[in-house]
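Protein chains in written order, with the working numbering: chain P, 35 to 187; chain F, 901 to 1042.
Here's the structure we're looking at; comments come further down.
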Amino acid sequence: MENENDFGFLLKSLIGGIIGGILSSIPILNMLNCCFCLLNGAGAALGVTMHLRADPENRMSMAHAAISGAVSGLIAGLMATVAGPLTTLVLGKTMGKMFREMGMPRDVVKGVSEVDLVTVISQTCISLPMYVVFGVLFAIATLKLMHEDQCID
Amino acid sequence: MVPRWTLFLRIAMLLTGLLPWLAWLATQGLHEVIIESLSTFCHQRPERSLVLMDAVMPVCSRCAGVFAGIAAGSLWMPRISVMSRWRGWLLGSAALMLTDVAIQDLLTHHPFHPTRICTGLLVGWLLGGGVTALLAGNDKGT
């Protein structure tokens, strides 16, 4: 694979990851992740598919699919796990004040205004690698199941 | 020769798959960390979760099956006869799991753990084990 193609496939993995991450961050819709990490998987699958659909001449090995899935999973994981606490850090006080004025229970106000360190550490150390693993699995499965003619292994 | 990264992937799959099953071994603090870390993967409703050694599992019984399937798939891959129809097996098992979801949520409301675990296990094993088989080049005939 040429360098130019390498960049193309990483960019598409990144886009797939961002889409998976955005979908994973939307309340209610993110419940689909409960179904076998579906949104993260969709992002990883999208990354592989976009690269292979861009040019019918494009080929991909399973190692490249794994890298693509890992990148997509990492980005989706970062957006789903780190973006939440970051938002709370930036907007927490304002949201807490707003919720307090609305008469929300103290627990709810605390939940939106304070960052729980246990959550941040656990999601960064454990959830993130799991997103990567699921991304790799889905990317390889997508390459083999949907684009077998473009798989070079 | 099988590339080294595939071994790392299999170890990562094994650890990922075993995590919810070994959570009861963890201390109280670590158990909380595991529950938090799995909250993005599962709704974690206690009434839909198994209880292991007096501790509620950090994922529901269906997810517990999926995770167990991934761990099993990292160690024991499907035979070539299964891999030759992998797409059909995978889609069939996913359809079976979704049927179980629909039956439980639309008709009954009582979680029946054996079917939840078995359907999850099948999907997890076919995906995890299927990828393991592909990486090992054990998919001739697909």
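Where a beta carbon is used, it is the ideal one built from N, C-alpha and C, also for glycine.
These figures come from a predicted structure and were not determined experimentally.
In this structure, the CA atom of residue 43 of chain P is about 12 Å from the CA atom of residue 78 of chain P.
Judged by DSSP in its simplified three-state form, residue 957 of chain F adopts coil rather than helix or strand. Residues of the region 1009-1038 of chain F with a Cβ closer than 9 Å to any Cβ of chain P, in chain order: 1020, 1023, 1024, 1027, 1028, 1030, 1031, 1034, 1035 and 1037. Exclusion of the five residues before and after residue 106 of chain P leaves 47, 48, 50, 51, 54, 74, 77, 78, 80, 81, 169 and 173 as the residues of its chain whose Cβ lies within less than 8 Å of its Cβ. The way I'd put it, the region 173-183 of chain P doesn't touch the region 921-932 of chain F; fewer than three beta-carbon pairs between them come closer than 8 Å.
What residue 119 of chain P touches in chain F, judged by beta-carbon distance under 7 Å, is nothing: the nearest beta carbon there is about 11 Å away. Secondary structure at residue 977 of chain F: coil, using DSSP grouped into helix, strand and coil.
Residue contact with chain F for residue 146 of chain P: absent (no Cβ-Cβ distance below 8 Å to any residue of chain F). Interface annotation, residue 152 of chain P: in contact with chain F, CB-CB separation under 8 Å. Among the CB atoms of chain P, one or more fall inside 8 Å of the CB of residue 943 of chain F. The region 114-122 of chain P makes contact with the region 149-168 of chain P: 3 or more CB pairs, one atom from each, lie closer than 8 Å.
Chain F places no beta carbon closer than 8 Å to that of residue 105 of chain P, leaving this residue out of the contacts.
Using a C-beta cut-off of 8 Å, the region 1009-1017 of chain F makes contact with the region 953-962 of chain F, since at least three inter-stretch Cβ pairs fall below that distance.
Per DSSP, the unbroken alpha helix (DSSP H) holding residue 909 of chain F starts and ends at 904-918. For residue 138 of chain P, the three-state secondary structure derived from DSSP is coil.
Contact between residue 914 of chain F and residue 967 of chain F does not hold, since the beta-carbon distance rounds to 11 Å and is not under 8 Å. Contact check between the region 902-911 of chain F and the region 122-133 of chain P: fewer than three CB pairs, one atom from each, fall below 8 Å, which does not count as touching. Counting C-beta pairs with one atom in each stretch, the region 986-1000 of chain F and the region 938-947 of chain F have fewer than three that are closer than 8 Å, which means they do not touch. Within the model, the alpha-carbon separation for residue 992 of chain F versus residue 132 of chain P is close to 48 Å.
For residue 952 of chain F, the beta-bridge partners assigned by DSSP are F:955. Taken through DSSP and simplified to helix, strand or coil, residue 185 of chain P comes out as strand. Restricting attention to P:179, P:182, P:185 and P:166, the CA atom closest to the CA of residue 71 of chain P is found in P:166.
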